[in-house]
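According to our numbering, the residues represented by the sequence shown are 1 to 440, in order.
Glycine included, C-beta positions come from ideal geometry on N, C-alpha and C.
These notes are about the structure you will find just below.
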Amino acid sequence: MEIELKKTVANLMSKEEKGLFTHLGKTYEKRYYNELYELQRTVGYSNIQAVNKDKLKTILSKPWTSDGREFSQRIWGRGNKLINSLYDNLQRDIIRSAAPDESIKNIAKQFNASKFNAGRLVMTETAAISSKAALDSYREIGVEKYEILATLDLKTSEICREMDGKVFECKDYKIGITAPPFHPNCRSDTIPYYDDMEDETRMMRNSVTGKSERIENLSYKEWYEKYVVSEKTLDRPAIMFKTTDVKTIQELKNISKSSIINIKNYSSLNDYFKEKLEIELIGFNKKPIEDVKITLAGIDDIANKFPKVKNGINRIHYNSKLKSYGKYHTNGLIEIGPKGLSNYNTGIHEAIHALDYVVTGYDKISLSETVSRKALKNLKLRINGRNTEKLVIQFIGFDIKEVKKLDEWLSYAAEAEYTNSKRKNKVTKEMIKILEEVIK
Numbered sequence: 001m002e003i004e005l006k007k008t009v010a011n012l013m014s015k016e017e018k019g020l021f022t023h024l025g026k027t028y029e030k031r032y033y034n035e036l037y038e039l040q041r042t043v044g045y046s047n048i049q050a051v052n053k054d055k056l057k058t059i060l061s062k063p064w065t066s067d068g069r070e071f072s073q074r075i076w077g078r079g080n081k082l083i084n085s086l087y088d089n090l091q092r093d094i095i096r097s098a099a100p101d102e103s104i105k106n107i108a109k110q111f112n113a114s115k116f117n118a119g120r121l122v123m124t125e126t127a128a129i130s131s132k133a134a135l136d137s138y139r140e141i142g143v144e145k146y147e148i149l150a151t152l153d154l155k156t157s158e159i160c161r162e163m164d165g166k167v168f169e170c171k172d173y174k175i176g177i178t179a180p181p182f183h184p185n186c187r188s189d190t191i192p193y194y195d196d197m198e199d200e201t202r203m204m205r206n207s208v209t210g211k212s213e214r215i216e217n218l219s220y221k222e223w224y225e226k227y228v229v230s231e232k233t234l235d236r237p238a239i240m241f242k243t244t245d246v247k248t249i250q251e252l253k254n255i256s257k258s259s260i261i262n263i264k265n266y267s268s269l270n271d272y273f274k275e276k277l278e279i280e281l282i283g284f285n286k287k288p289i290e291d292v293k294i295t296l297a298g299i300d301d302i303a304n305k306f307p308k309v310k311n312g313i314n315r316i317h318y319n320s321k322l323k324s325y326g327k328y329h330t331n332g333l334i335e336i337g338p339k340g341l342s343n344y345n346t347g348i349h350e351a352i353h354a355l356d357y358v359v360t361g362y363d364k365i366s367l368s369e370t371v372s373r374k375a376l377k378n379l380k381l382r383i384n385g386r387n388t389e390k391l392v393i394q395f396i397g398f399d400i401k402e403v404k405k406l407d408e409w410l411s412y413a414a415e416a417e418y419t420n421s422k423r424k425n426k427v428t429k430e431m432i433k434i435l436e437e438v439i440k
C-alpha cells in the first residue's frame, strides 16, 4: 500500500513540477520584456538580448527564500508529507474498521489541503520570479533605484502597508527583504524610481494592460485615511457607504420632485400612497413625519420615473428591529429599519429592487445583472477586472459581498446618480442610461 501511495503521489508531484517550471518561465519572460518595453518608451529604444534558455533555467532553479530551498524542493517536500499523512490515516482507518465513505472523506480532505498549499506555492513563486524579472530589466536598462508599490485595498497586509512607497537602490534588491513578495500570496510590486520624477502622482501597475499608470500620489496610510471609512464603520455588515446627505426637507427639495414633501400629516400621507400608488403604509405614525417623508420620497420619485414599480410594491412597513436600512420582499413588501429613516437613498434603493422584480420575475437573469453586464461591455471593462472592482467599490463601498452581487449594482447606481452623489462614476452613469432606455 505504501509503495502504491508513493507512486501515485510521485506522479502528481512530477506533473506539478513540470507545469510550474513552464509557468514560471513564461512569467519571467513576459515581465522582463514588458518591463523593458515600458522603460524604453521613456529612455529611448535600443537592442536587447533575448532571454537565454539556459540562463532562464539557472534563474528558475536559484532559491530566493532564507531557507535556501527552491520551488522543486518545496513541491517534493510537500509530496513526502502527503504520503506520510495518507499512509498514517489509512492505517488508522483500517485498524478501527472505518467505513469506506469515511476513509474516502479523509483522503479527500488531505488532498484538498495539499491543493491549497500548491496554489499558495504557485502564487508566491510567480510573484518571486516576476520580481526577479523586474530587477533584471532594471539592470539591463540602467535603472539605479526602485520603489515598493503596495496594492491599495483593505486586504493589504501589515508589512506591505509599511513597505509601500519605500525607495531602495537596485544593488540592495533582495526578494523577501527589500523587494516583494514579502509573504505568501503577496500582491506588492516594484516600479523604477527616478529622483527627478516626484510630483503629485504615483505610479500604479494596471493589472489589465500590464502598463504603469499615474494616479494621485498617496502612501497606503494616506490612501486609507482619505478613502476608507473608519474601522468601526467597516465592522457593520451590509450597510457600507449608505449616505445620509439629505437630512432635512429643505435639502430634499433640491433633488426630489415628490409631492409628499408638502404633506403635513400622516392621514394625508397614507391617503397619497393608497390612492396614487396603491401602497399601504404600516407602522410609521409614531415616527417624526419629516424623517418618514425623506425616505418615502425616494420610493415616490422612482415610482414617478418608472411607473412599473407600483406593480412590485403593495406595503411599506416600518420595522424597528430591522438591522439593515431597508429590505425588499418579492411578495411586495418593503421594510424600512431605524437606520433607513430620514434616508432618501434607502427609498431609491428598495424601489429599484421592486422594479427589478417586476421586470424580471423569479427565474430569469435579474434586470440589475443584465444592465450591469451591458454597461461594462459598453465601457470595455471586464466583469472581474481590477479597474472594474475599483469603480464598483466607489459607488457601493468596501462591503465585498455587496460588490460581488450584480443583483445589487443597479440599486446602488441609482442611489449615486439620482442623488447626484460624489460616488457616481462612468459605470453608474452608463447603467442608469441603459435602465432609462430599457424601461420607458
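Measuring alpha carbon to alpha carbon, tell me which of 27, 297 and 190 ends up nearest residue 160. As a position in the sequence shown, residue 160 is number 160, starting the count at 1. Nearest C-alpha to residue 160: 190.
Could you check which residue in 187, 144, 359 and 410 has the C-alpha nearest to that of residue 125? Stepping through the sequence shown from its first residue, residue 125 is reached at position 125. Nearest option by C-alpha distance: 187.
Quick check on residue 438: buried or exposed, where buried means 16 or more other Cβ atoms within 10 Å of its Cβ? Reading the sequence shown from its first residue, position 438 is the one you call residue 438. Label assigned to residue 438: exposed.
At which residues does the alpha helix (DSSP H) containing residue 329 begin and terminate? Counting from one through the sequence shown, the residue named residue 329 turns up at place 329. It is not in any alpha helix (DSSP H) - residue 329 carries neither H nor E in the DSSP assignment.
Just how far apart, CA to CA, sit residue 176 and residue 143? Start at 1 with the first residue of the sequence shown, and residue 176 comes out as number 176. Start at 1 with the first residue of the sequence shown, and residue 143 comes out as number 143. Spanning the two alpha carbons is a distance of roughly 20 angstroms.
Determine which residues share a DSSP beta bridge with residue 336 and list them. Indexing the sequence shown from 1 puts residue 336 at position 336. Per DSSP, 318 and 326.
Pick from 174, 148, 264 and 172 that is closest to residue 163, judged by C-alpha positions: Looking up residue 163 in the sequence shown gives position 163. Among 174, 148, 264 and 172, the Cα nearest to that of residue 163 is on 148.
Length of the line joining the Cα atoms of residue 205 and residue 139: Along the sequence shown, read from residue 1 onward, the residue named residue 205 stands at position 205. Along the sequence shown, read from residue 1 onward, the residue named residue 139 stands at position 139. Unreliable placement is indicated for residue 205, whose pLDDT of 49 sits below 50; no coordinate value is reported for it.
Assign residue 293 to one of two classes, buried (16 or more other C-beta atoms within 10 Å of its C-beta) or exposed (fewer than that). Taking the first residue of the sequence shown as position 1, residue 293 is located at position 293. Looking at its Cβ environment, which holds 16 or more other Cβ atoms inside 10 Å, residue 293 is buried.
Straight-line CA distance for residue 415 to residue 421? Stepping through the sequence shown from its first residue, residue 415 is reached at position 415. Stepping through the sequence shown from its first residue, residue 421 is reached at position 421. Each residue's Cα considered, the two are about 8 angstroms apart.
With a cut-off of 8 angstroms, do at least 3 Cβ pairs link the stretch 316-324 to the stretch 377-395? no
Would you report the Cα separation of residue 26 and residue 50, rounded to the nearest angstrom? Reading the sequence shown from its first residue, position 26 is the one you call residue 26. Reading the sequence shown from its first residue, position 50 is the one you call residue 50. Approximately 13 angstroms, taken between the alpha carbons.
Residue 342 to residue 320 span [Cα, whole Å]: The count along the sequence shown starts at 1 and reaches residue 342 at position 342. The count along the sequence shown starts at 1 and reaches residue 320 at position 320. When rounded, the distance between both Cα atoms is 14 angstroms.
Please give me, in chain order, every unbroken run of the beta strand (DSSP E) with length at least 3 that falls completely inside the stretch 175-199. 189-193
Tell me the DSSP bridge mates of residue 281? Locating residue 281 in the sequence shown gives position 281, counting from the first residue. 316.
Tell me whether residue 350 sits in a helix, a strand or coil according to DSSP, three-state version. In the sequence shown, the residue the question calls residue 350 occupies position 350. In the structure shown, residue 350 sits in a helix (DSSP, three-state: H, G or I).
Between residue 428 and residue 135, what straight-line distance do the alpha-carbon atoms span, to the nearest angstrom? Stepping through the sequence shown from its first residue, residue 428 is reached at position 428. Stepping through the sequence shown from its first residue, residue 135 is reached at position 135. If I take the Cα positions, the gap works out to 40 angstroms.
Taking only the alpha-carbon atoms, compute the straight-line gap between residue 266 and residue 346 and give it to the nearest angstrom. The residue given as residue 266 occupies position 266 in the sequence shown. The residue given as residue 346 occupies position 346 in the sequence shown. Going by the C-alpha atoms only, they are around 20 angstroms apart.
Taking its Cβ as the centre, do 16 or more other Cβ atoms sit within 10 Å of residue 167, making it buried, or is it exposed? The residue you call residue 167 lines up with position 167 of the sequence shown. It counts as exposed.
Would you mind stating whether residue 358 and residue 305 have Cβ atoms separated by less than 7 angstroms? Here residue 358 is taken as the residue at index 358 of the sequence shown, counted from 1. Here residue 305 is taken as the residue at index 305 of the sequence shown, counted from 1. Going by C-beta atoms, residue 358 is not nearer than 7 angstroms to residue 305.
For the beta strand (DSSP E) containing residue 167, list its first residue and its last residue. In the sequence shown, the residue the question calls residue 167 occupies position 167. Where residue 167 is concerned, the enclosing beta strand (DSSP E) stretches over 167-169.
Could you round the C-beta distance between residue 146 and residue 173 to whole angstroms and report it? I think they count as a contact, below 8 angstroms. Reading the sequence shown from its first residue, position 146 is the one you call residue 146. Reading the sequence shown from its first residue, position 173 is the one you call residue 173. Their Cβ separation, rounded to whole angstroms, is 7 angstroms, which keeps residue 146 and residue 173 in contact under 8 angstroms.
For residue 148, which residues does DSSP report across the bridge? The sequence position of residue 148 within the sequence shown is 148, counting from 1. Beta-bridge pairing links residue 148 to 190.
May I have the straight-line CA-CA distance separating residue 285 from residue 367, to the nearest angstrom? Mapped onto the sequence shown, residue 285 falls at position 285. Mapped onto the sequence shown, residue 367 falls at position 367. About 34 angstroms.
In whole angstroms, give me the CA-to-CA distance for residue 128 and residue 374. Position 128 of the sequence shown holds residue 128. Position 374 of the sequence shown holds residue 374. Rounded to whole angstroms, residue 128 to residue 374 spans 37 angstroms at the Cα level.
Sequence-distant residues of the same chain with beta carbon closer than 7 angstroms to residue 260, five excluded per side: By one-based count along the sequence shown, residue 260 stands at place 260. Closer than 7 angstroms at Cβ, skipping near neighbours: 269, 272, 293, 296, 297 and 300.
I'd like the span of the alpha helix (DSSP H) that includes residue 435, first residue to last. For the purposes of this step, residue 435 is taken as residue 435 along the sequence shown, with counting starting at 1. Looking at the DSSP string, the run of the alpha helix (DSSP H) that includes residue 435 is 426-438.
My output table needs one value for residue 75: the three-state DSSP class, helix, strand or coil. As a position in the sequence shown, residue 75 is number 75, starting the count at 1. In this prediction, residue 75 scores a pLDDT of 44, lower than 50, which makes its location untrustworthy; no coordinate-derived value is stated.
Whose C-alpha, out of 289, 278, 303 and 403, is nearest the C-alpha of residue 256? Position 256 of the sequence shown holds residue 256. Answer by Cα proximity: 303.
Below 8 angstroms on the Cβ atoms is my contact criterion, and I expect residue 314 with residue 348 to pass it. Report the Cβ-Cβ distance as a whole number of Å. In the sequence shown, counting from the first residue as 1, residue 314 sits at position 314. In the sequence shown, counting from the first residue as 1, residue 348 sits at position 348. Contact doesn't hold; Cβ gap of about 19 angstroms is too wide.
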